[in-house]
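Undergrad:
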Amino acid sequence: MGLFFLGWFIVLAKGLLTPLLLAFFISIMLMPLYRFFAKYKLPDALAIIISILSMVVVFGLIIWFFSVQIGNLISDFPVIRKNVTLHLNALSAWVENHSPFSTTEQLNFIREQSDKLLGYTGTILSGAAGSVTSVVVLLGLLPIYIFLVMFYKNLLLRFVFFWFPKEQHHKVEETLQEMQVIIKSYLFGLLIQVSYMTVLLGGILLLIGIKHALLIGLIFAFLNLIPYIGALIGNIIGVLLTLASSSELWPVFAVLGTITFVQFLDNNILMPRIVGSKVRLNALATIVGVIVGGEIAGVAGMFLSLPVLAVLKVVFDRTEQFKQWGVLFGDERPERSPMEEPLFRKKSSRVRKMLERENKVEPPQK
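Residues 258 to 623 in the numbering used here are what the sequence shown lists, from first letter to last.
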C-alpha cells in the first residue's frame, strides 16, 4: 500500500517533482563552477547567477545549432518531397508485385488513413499546445529552482541530517558524498557523450557525403541518452532523414553501418572510460525505469530515470531494510545460484564486496 500511494503521489505531483529533480541534478553539475567563483570571494548569489548564466549560454548554443540544422532541412523541402514521392512509388510497385493489393487499393487505403488522421488533428494540436505550454513553464521555473537549491544547499543538507540519529550521521554523510560523485560523473559523462557522438557520427556521415549529417548526429546523440529505446528511435529517424534526402538506397546502409560502428565505440571503449562503472544498473531495471519514467513525466521522465535509479541504488545499498531493492537494481550478478550456494542469500557487506569485485564495479572516488 505504501508503494501504491507513493506512486500515486508521484503521478499527481509530477508537474512539481520534474523541475525540482532537474534543478537538483543540474545544481550538482554546477557546483564545481560555483566553487570556482566563490573561491575568488564573490557573493553566493552572484556566483550562483554567473554559473546559471554559463549553463544558459551552453544550452543556447546547442539550441542555435539545432535550429540552423532544422533550417537547412526546411530549405531542402522541394528535394525531400520529390525523393519521398519516388520512394513511395517504388514501395507501391513492390507491394503490387508481391501482394494482391493493386495501386488503386493502396491509394484508397492511404486516403482512408489520411481521413482518420485528420480527424485526430484537433486532439493532437491541443495536446501539442499543452506540451509547449508545459515546456515554457518548465524552462521558466528551472533557473529559479536551480538558484534556490544552490543558495539553500546548506539548509537542505541540515534538513536531511535531522531525519537521522547522531550515530548514523557518518553513514548519511558517506551516502550523500557518494550520490554527489555518481550524479556528477554520470551527468558530465552524458554531456561529453553528446558532444563526441555528434562530432564523430556527424563527421563520418559528412565525409561519406550524407546530407544533413550533423542533424542526424545531433538527434541520435540526444536520443541515445534514453537507454535502449532512444538508440532505436535514433536509428529510425536517421533512416527516414536519409531516405527523404536521397533518391538512392546506399546512403541508408551507410548511415546504419556508421551508427552501429559509433555505438560499438561508445558502449565498449569511450563511455566506460568516461563514466566508469561506479554504479552498474542491470538492463531489466533500466528498461523498466525508462518506461515508468516516460509514463509518469514523458520525455523528461525518460531522461531522469537513470540518475534517479542510480541515486536510489546508492541509498538502498546502505539501508538495511531496503538492501534487497539495491540487489534488484544492480548488476552484481552471482555466477552461482543462491539455491545452490547459501552464501548468496545473505545481505552482508562481505558478499556485496565480493560480487562487486567479480563484476568489476569500481567504488566512487571523492
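Backbone N, C-alpha and C define an ideal beta-carbon position, used for all residues, glycine too.
Predicted, not measured: the structure shown is a model, and the values here were computed from it.
Less than 8 Å between the CB atoms is what I'm expecting for Phe477 and Leu538, so what's the real figure, rounded?
TA: Mapped onto the sequence shown, residue 477 falls at position 220. Mapped onto the sequence shown, residue 538 falls at position 281. Rounded, the Cβ-Cβ distance is 22 Å, inconsistent with contact.
Undergrad: Between which two residues does the alpha helix (DSSP H) harbouring Leu584 extend?
TA: Walking along the sequence shown from the start, residue 584 turns up at place 327. Contrary to the premise, residue 584 reads as Val rather than Leu in this sequence. Note, Val584: alpha helix (DSSP H), Lys580 to Phe586.
Undergrad: Going by the DSSP bridge assignment, what does Leu538 pair with across the sheet?
TA: In the sequence shown, counting from the first residue as 1, residue 538 sits at position 281. BP columns for Leu538 point to Gly587.
Undergrad: What distance in whole Å lies between the Cβ atoms of Ile461 and Gly495, which are believed to be in contact at a cut-off of 8 Å?
TA: Counting from one through the sequence shown, the residue named residue 495 turns up at place 238. Counting from one through the sequence shown, the residue named residue 461 turns up at place 204. Actually they do not touch by this definition, with Cβ atoms about 12 Å apart.
Undergrad: Quick check on Arg609: does DSSP put it in helix, strand or coil?
TA: Taking the sequence shown and counting its residues from 1, the one referred to as residue 609 is at position 352. Three-state result, Arg609: helix.
Undergrad: Secondary structure at Asn616, three-state DSSP: helix, strand or coil?
TA: As a position in the sequence shown, residue 616 is number 359, starting the count at 1. Here Asn616 sits in coil by DSSP.
Undergrad: Can you name the start and end residues of the alpha helix (DSSP H) that Asn329 belongs to?
TA: Reading the sequence shown from its first residue, position 72 is the one you call residue 329. Looking at the DSSP string, the run of the alpha helix (DSSP H) that includes Asn329 is Asp301 to Ser332.
Undergrad: Just to confirm, is the Cβ distance from Ile467 to Val512 under 8 Å?
TA: For the purposes of this step, residue 467 is taken as the residue at position 210 of the sequence shown. For the purposes of this step, residue 512 is taken as the residue at position 255 of the sequence shown. A contact, by the Cβ cut-off of 8 Å.
Undergrad: Of the choices Leu444, Val547 and Pro289, whose alpha-carbon is the least far from that of Leu279?
TA: Walking along the sequence shown from the start, residue 279 turns up at place 22. Checked all of Leu444, Val547 and Pro289; the closest Cα to Leu279 is Leu444.
Undergrad: My understanding is that Ile440 touches Val568, with C-beta atoms under 8 Å, so please give their C-beta distance in whole angstroms.
TA: Along the sequence shown, read from residue 1 onward, the residue named residue 440 stands at position 183. Along the sequence shown, read from residue 1 onward, the residue named residue 568 stands at position 311. With 8 Å as the limit, Ile440 and Val568 qualify as a contact, their Cβ atoms being about 7 Å apart.
Undergrad: Alpha carbon to alpha carbon, how far is Val571 from Phe510?
TA: Looking up residue 571 in the sequence shown gives position 314. Looking up residue 510 in the sequence shown gives position 253. Straight-line Cα distance between these residues: approximately 42 Å.
Undergrad: Would DSSP call Leu563 helix, strand or coil?
TA: Reading the sequence shown from its first residue, position 306 is the one you call residue 563. DSSP places Leu563 in helix when its eight states are reduced to three.
Undergrad: At what residues does the alpha helix (DSSP H) containing Glu435 begin and finish?
TA: Numbered from its first residue, the sequence shown carries residue 435 at position 178. Taken as a continuous stretch (DSSP letters only), the alpha helix (DSSP H) holding Glu435 covers His426 to Ile465.
Undergrad: In whole angstroms, what is the alpha-carbon distance linking Leu489 and Asn329?
TA: Translated into the one-based positions of the sequence shown, residue 489 becomes position 232. Translated into the one-based positions of the sequence shown, residue 329 becomes position 72. Their Cα atoms are separated by approximately 24 Å.
Undergrad: Go ahead and label Gly558 buried or exposed: buried means 16 or more other beta carbons lie within 10 angstroms of its beta carbon, across all protein chains shown.
TA: Residue mapping note: residue 558 aligns to position 301 of the sequence shown, counting from 1. Under this definition Gly558 is a buried residue.
Undergrad: Please work out which residues of its chain come closer than 7 Å, Cβ to Cβ, to His426, disregarding the five sequence neighbours upstream and downstream, and give them in chain order.
TA: One-based indexing of the sequence shown puts residue 426 at position 169. Here the set comprises Phe418.
Undergrad: Between which two residues does the alpha helix (DSSP H) containing Met286 stretch?
TA: As a first step, residue 286 must be located in the sequence shown, where it is residue number 29. Start and end: Lys271 to Lys296.
Undergrad: May I have the straight-line CA-CA distance separating Asn492 from Ile309, to the nearest angstrom?
TA: Along the sequence shown, read from residue 1 onward, the residue named residue 492 stands at position 235. Along the sequence shown, read from residue 1 onward, the residue named residue 309 stands at position 52. For Asn492 and Ile309, the distance between alpha carbons rounds to 33 Å.
Undergrad: Determine the DSSP secondary structure at Asn481, reduced to helix, strand or coil.
TA: Position 224 of the sequence shown holds residue 481. Asn481 falls in the coil class under three-state DSSP.
Undergrad: Please name the residue, chosen from Ser502, Leu277, Gln326 and Met436, that lies closest to Pro400 on a Cα-to-Cα basis.
TA: Residue 400 sits at position 143 when you count from the first residue of the sequence shown. With distances taken between Cα atoms, Pro400 lies closest to Leu277.
Undergrad: Contact between the stretch 407–423 and the stretch 281–299: three or more CB pairs below 8 Å?
TA: Yes, they touch.
Undergrad: So the candidates are His469, Lys296 and Leu412; which of them puts its Cα closest to the Cα of Gln326?
TA: Taking the first residue of the sequence shown as position 1, residue 326 is located at position 69. For Gln326, the nearest C-alpha among the options comes from His469.
Undergrad: Would you say Leu457 and Val519 are within 8 Å of each other, going by their C-beta atoms?
TA: Here residue 457 corresponds to residue number 200 of the sequence shown, with the count starting at 1. Here residue 519 corresponds to residue number 262 of the sequence shown, with the count starting at 1. Going by C-beta atoms, Leu457 is nearer than 8 Å to Val519.
Undergrad: Measure the alpha-carbon distance for Gly487 versus Leu541 and round it to whole angstroms.
TA: Walking along the sequence shown from the start, residue 487 turns up at place 230. Walking along the sequence shown from the start, residue 541 turns up at place 284. Straight-line Cα distance between these residues: approximately 16 Å.
Undergrad: State the start and end residues of the unbroken alpha helix (DSSP H) segment that holds Leu522.
TA: Within the sequence shown, the letter at position 265 stands for residue 522. Counting along the chain, the alpha helix (DSSP H) containing Leu522 begins and ends at Trp507 to Leu522.
Undergrad: For the 8 Å Cβ check, are there 3 or more pairs between the stretch 549–558 and the stretch 582–600?
TA: Verdict: no, contact absent.
Undergrad: How many angstroms separate the CA atom of Glu640 from the CA atom of Arg415?
TA: The structure shown does not extend to residue 640, since the chain spans only 258 to 623, so no value can be given for it.
Undergrad: Step through the CB atoms of chain B and report whether any lies within less than 8 Å of the CB of Leu569.
TA: Among the chains in the structure shown there is no chain B, since it carries only a single protein chain.
Undergrad: Using beta-carbon positions only, say whether Ser562 and Val584 come within less than 8 Å of one another.
TA: Counted from its first residue, the sequence shown places residue 562 at position 305. Counted from its first residue, the sequence shown places residue 584 at position 327. No.
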